[in-house]
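Q: Quick one: the structure is below, and I'll ask about it shortly.
If you want it as structure tokens, here you go:
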């Protein structure tokens with residue numbers, strides 16, 4: 003689980019840089035300001051998750067199920083949160099109605115919040 007966490011952290015970080023550049027250059031010309039800001043929110047939170055996963059990957063031993071869930075919730079939450087925002091931001095450009103993804107975004111956010119909360123409990127329990 004440690005390796006998976008670190009790989010996702012690094013991959014999310016790399017994708018954040020790629021998608022951030024893509025948004026700043028290519029999407030700036032085709033998306034409304036509101037949609038572009040939404041896209042950038044997805045990128046920003048994906049980078050936060052990348053840092054979280056890299057730090058958690060080095061700190062946690064992953065010897066308990068709760069430690070594994072910290073990572074799983076952040077990986078899944080980021081995928082649901084950021085990627086739903088990316089698709090919602092691009093739906094007009096893609097010519098698709100992706101509004102069904104709307105409820106997915108807050109679910110991803112909830113998973114991310116739970117991962118942070120579980121990490122706080124880990125720190126308190128282990129007096130780190």
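In the numbering used here, the protein residues as written are 3 to 130. Beta carbons: idealized from backbone N, C-alpha and C, even for Gly.
Check residue 61 in the structure and name its three-state DSSP category.
A: In the structure shown, residue 61 sits in a helix (DSSP, three-state: H, G or I).
Q: May I have the straight-line CA-CA distance separating residue 24 from residue 75, to the nearest angstrom?
A: Approximately 27 Å, taken between the alpha carbons.
Q: Excluding sequence positions up to five away, which residues of its chain have a Cβ less than 6 Å from the Cβ of residue 21?
A: The residues are 45.
Q: In three-state DSSP terms, what is residue 97?
A: Note: residue 97 maps to coil in three-state DSSP.
Q: Let me confirm a value: residue 49 is counted as buried when at least 16 other C-beta atoms fall within 10 Å, else exposed. Which label applies?
A: Burial call: buried.
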